[in-house]
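Keeping their order, the protein sequence lines are chains C and D. Using the working numbering, you'd call the opening residue of the first sequence number 3 and step up by one each time. Using the working numbering, you'd call the opening residue of the second sequence number 96 and step up by one each time. Heads up, the beta-carbon is just placed ideally off N, CA and C, and yes, glycines get one too.
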Amino acid sequence: MTKDADPFADSALLARFAGLTRPELEALQLAKLRRQMTRLQASSPYYAERMAKAGLTADAITSLELFAERFPTSSKADFLADQQAHPPFGARLGIAREQVALVNMTGGTSGQGQEIYGRSQRDVHQLGYLHALPWVMAGLRAGDVAVNCVPAGGMTTGGWGPGEGLRIIGATAFHVGGGLSTDAKIDLMLTLGGVNFIYASTNYLHTLTEALLGRGITPRDAFPDMHGLFIAAEGYPLEWAAKIEEHWGCRLQEGYGSTQCNGFAGSTGSAGVFGKDGARGLISLFEWETLFEVVDPDTLQPTLSGEVGELVATNLSVEGSPVIRFRTGDAARYVAWQDAGTGKVWKTIEAGSIGRFDDMMKIRGNNVWPTAIDAAVFAHDEVGDYAGRVYTEAGKTEIEVRLAFADHCAGLSADERDRVIGSVREAIKARTNVWMAVVECARADLPEFAYKARRWKDERQQGYRL
Amino acid sequence: MTIDDDAVLRAMLAQAERLCATGDALLKGQYEHLRARIDALIELRRVSAAA
Numbered sequence: 003m004t005k006d007a008d009p010f011a012d013s014a015l016l017a018r019f020a021g022l023t024r025p026e027l028e029a030l031q032l033a034k035l036r037r038q039m040t041r042l043q044a045s046s047p048y049y050a051e052r053m054a055k056a057g058l059t060a061d062a063i064t065s066l067e068l069f070a071e072r073f074p075t076s077s078k079a080d081f082l083a084d085q086q087a088h089p090p091f092g093a094r095l096g097i098a099r100e101q102v103a104l105v106n107m108t109g110g111t112s113g114q115g116q117e118i119y120g121r122s123q124r125d126v127h128q129l130g131y132l133h134a135l136p137w138v139m140a141g142l143r144a145g146d147v148a149v150n151c152v153p154a155g156g157m158t159t160g161g162w163g164p165g166e167g168l169r170i171i172g173a174t175a176f177h178v179g180g181g182l183s184t185d186a187k188i189d190l191m192l193t194l195g196g197v198n199f200i201y202a203s204t205n206y207l208h209t210l211t212e213a214l215l216g217r218g219i220t221p222r223d224a225f226p227d228m229h230g231l232f233i234a235a236e237g238y239p240l241e242w243a244a245k246i247e248e249h250w251g252c253r254l255q256e257g258y259g260s261t262q263c264n265g266f267a268g269s270t271g272s273a274g275v276f277g278k279d280g281a282r283g284l285i286s287l288f289e290w291e292t293l294f295e296v297v298d299p300d301t302l303q304p305t306l307s308g309e310v311g312e313l314v315a316t317n318l319s320v321e322g323s324p325v326i327r328f329r330t331g332d333a334a335r336y337v338a339w340q341d342a343g344t345g346k347v348w349k350t351i352e353a354g355s356i357g358r359f360d361d362m363m364k365i366r367g368n369n370v371w372p373t374a375i376d377a378a379v380f381a382h383d384e385v386g387d388y389a390g391r392v393y394t395e396a397g398k399t400e401i402e403v404r405l406a407f408a409d410h411c412a413g414l415s416a417d418e419r420d421r422v423i424g425s426v427r428e429a430i431k432a433r434t435n436v437w438m439a440v441v442e443c444a445r446a447d448l449p450e451f452a453y454k455a456r457r458w459k460d461e462r463q464q465g466y467r468l
Numbered sequence: 096m097t098i099d100d101d102a103v104l105r106a107m108l109a110q111a112e113r114l115c116a117t118g119d120a121l122l123k124g125q126y127e128h129l130r131a132r133i134d135a136l137i138e139l140r141r142v143s144a145a146a
């Protein structure tokens with residue numbers, strides 16, 4: 003395995019998907035969509051009712067445009083209400099109860115409740131495939147040593163998909179997430195006689211890198227056989243990505259996925275997270291498995307290429323608990339295939355900047371996304387991690403960012419620390435239009451996240467209590 | 096007519112082994128996974144010393 007494996011040369015099947023014309027791809031999508039809707043019309047009272055309300059039948063879906071115009075969207079709230087009325091899976095399940103082979107739940111980080119998904123045996127293979135697919139595209143091959151830093155097992159899709167994916171690739175997988183401390187993971191990795199691939203959340207790859215540097219270990223020297231770092235789940239600044247690639251001596255790659263998509267729905271592939279002229283790269287969507295629309299969240303009208311919109315997903319192959327026109331709440335910059343320059347006709351979204359519409363905080367009249375603040379803070383190599391808090395004091399909105407310096411910057415002087423803090427403050431203002439108080443704290447005072455980081459707390463409601 | 100499960104599985108194993116000869120990096124591991132599943136079913140059905 004080399005660092006520059008060409009997935010399209012190594013897989014004739016993948017090359018065929020890459021070689022489709024846009025009309026061929028859309029014909030495939032429509033055929034799969036009609037098959038899915040025919041099945042759900044008979045097997046899912048939830049979707050049958052939505053079809054009936056729209057005056058649609060599966061046979062009447064004669065184009066993707068008609069489907070997008072007529073079929074109603076579903077949201078998390080719809081699924082939660084369905085589950086409450088028909089526990090545990092809701093009437094949307096779409097397969098016989100005894101055919102459920104794996105149960106997955108969403109993470110619950112939204113605070114609204116957890117969606118429950120019942121997957122069939124076929125879906126479980128698909129779950130593995132939808133992890134193997136982006137990793138093969140990233141250069142992972144049979145026999146490679148892969149370290150999976152995402153906590154394995156449990157109820158989440160992210161707990162099961164990586165194991166299935168690495169198994170069907172034939173990689174030698176070490177599932178170190180959750181069970182081992184960061185130091186213990188490093189100790190283990192150093193004994194493996196070579197590591198080729200790491201899968202981690204953005205936040206955890208940062209933690210792991212910082213811990214290695216803090217121990218005086220240069221990742222590229224300690225792991226010279228590394229050819230892929232694959233991240234997901236969180237945005238990041240390009241400055242950070244460049245430093246990660248420099249520290250590790252290999253390409254950083256990213257995937258977009260979710261429980262609703264039964265795994266990954268797109269990836270940067272071997273091109274990595276940098277595009278032309280050092281700009282952000284693109285995530286190519288696996289549109290033959292998941293039909294994507296990118297829409298204005300207020301009007302549900304299609305987003306123009308280059309603009310940020312909400313991803314709306316439809317599973318074309320999933321049997322158990324499929325999502326059909328599901329509003330993900332994920333905010334992504336859409337780049338049409340004609341503008342992407344990838345050589346393929348797959349729709350793309352910008353890498354590194356995917357956020358959540360529901361994470362947005364309205365602060366002093368400005369729309370502020372945590373990803374924007376992450377980008378400002380982590381553009382500074384000296385910062386280990388941070389946590390933010392929005393609160394009210396004497397009727398005024400205040401924002402506090404507490405940051406801890408990285409272990410490898412322990413020797414910075416007070417003046418140097420002040421300079422970094424000032425620079426972080428300026429960078430946050432530049433990206434959000436909001437001045438925030440930035441203060442230093444000890445690293446131990448900040449929470450550590452093994453998977454998705456939740457760095458922000460909005461305590462303003464508490465401030466209004468009488 | 097009864098189905099000879101062992102004969103079916105042996106035939107499936109032979110077919111799966113043919114698939115495993117693929118050079119397709121995306122499919123090879125999946126075919127080997129399939130072959131191993133069939134092989135495991137053959138093994139767990141084995142009740143006599145005769146092959």
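In the three-state DSSP reduction, N317 of chain C falls in the strand class (E or B).
Excluding sequence positions up to five before and after T330 of chain C, its CB lies within less than 8 Å of the CB of S260, Q262, E312, L313, V314, A315, all in the same chain and listed in chain order.
Secondary structure in the region 35-112 of chain C: the beta strand (DSSP E) runs of 3 residues or longer, each lying completely within the stretch, are 104-107 in chain order. Residues of the region 102-130 of chain D with a Cβ closer than 7 Å to any Cβ of chain C, in chain order: D119, A120, L121, L122, K123, G124, Q125, E127, H128. Contact between V385 of chain C and A439 of chain C fails: their C-beta atoms lie close to 16 Å from each other, not under 8 Å. Taken atom to atom, the span from the alpha-carbon of M362 of chain C to that of E395 of chain C is near 21 Å.
In this structure, the beta-carbon distance from R130 of chain D to C115 of chain D falls below 8 Å. The criterion of a C-beta distance shorter than 8 Å is not satisfied by Y258 of chain C and F232 of chain C.
DSSP places D99 of chain D in the coil class of the three-state scheme, outside both helix and strand. The C-alpha of L82 of chain C is placed about 10 Å away from the C-alpha of H88 of chain C. Between V296 of chain C and P304 of chain C, the C-beta gap is smaller than 8 Å, which places the two residues in contact. By alpha-carbon distance to L207 of chain C, the top candidate from C:L190, C:K459, C:A455 is C:A455.
Along the length of the region 161-188 of chain C, whole alpha helix (DSSP H) runs at least 4 residues long do not occur.
Approximately 17 Å separates the beta-carbon atoms of A389 of chain C and A429 of chain C; this is outside 8 Å, ruling out the contact. Here the C-alpha atom of K349 of chain C lies approximately 50 Å from the C-alpha atom of R141 of chain D. At least one CB of chain D lies nearer than 8 Å to the CB of D12 of chain C. Of C:T159, C:V152, C:Q114, the smallest CA-CA separation from Q128 of chain C is found for C:T159. Residues of the same chain with a CB within less than 8 Å of the CB of F407 of chain C, apart from the 5 flanking positions on each side, are E384, V385, G386, L414, R419, V422, E442, R445 in chain order. About 5 Å separates the beta carbon of G237 of chain C from that of G354 of chain C, a gap short enough to meet the 8 Å contact definition. Pairing L108 of chain D with S46 of chain C, the inter-Cα distance amounts to about 36 Å. Inclusion of L142 of chain C and G230 of chain C in the CB contact set at 8 Å is warranted, their separation being smaller than that value. Shown here, L284 of chain C sits in a strand according to DSSP, grouped into three states. Contact between V320 of chain C and S76 of chain C is ruled out by a C-beta separation of about 14 Å, above the 8 Å threshold.
Here I423 of chain C carries a helix assignment [DSSP, helix/strand/coil].
Shown here for E289 of chain C: same chain residues with a beta carbon closer than 7 Å to its own, the five before and five after excluded, namely L27, Q31, W348, K349 in chain order.
Exclusion of the five residues before and after F359 of chain C leaves P299, E312, G331, D332, A333 as the residues of its chain whose Cβ lies within less than 8 Å of its Cβ.
Taking C-beta atoms as the reference points, Q125 of chain D and Y131 of chain C count as a pair closer than 8 Å.
Taking all protein chains shown into account, S65 of chain C has fewer than 16 neighbouring C-beta atoms within 10 Å of its C-beta and is therefore exposed. Distances from the CA of V147 of chain C to each of C:G322, C:F199, C:Q86 were compared; the closest alpha carbon is that of C:F199. Beta bridge pairing from DSSP links S269 of chain C with C:G257, C:S286.
If you look at L414 of chain C, you'll find it isn't in any alpha helix (DSSP H); DSSP assigns it neither H nor E. Within the model, the alpha-carbon separation for A342 of chain C versus L122 of chain D is close to 27 Å. The beta carbon of R169 of chain C sits closer than 8 Å to some beta carbon of chain D. Exclusion of the five residues before and after F73 of chain C leaves A56, R327 as the residues of its chain whose Cβ lies within less than 6 Å of its Cβ.
Collapsing the DSSP output to three states places N368 of chain C in a strand. From the beta-carbon of V138 of chain C, the residues of chain D found nearer than 9 Å are A120, L121, G124.
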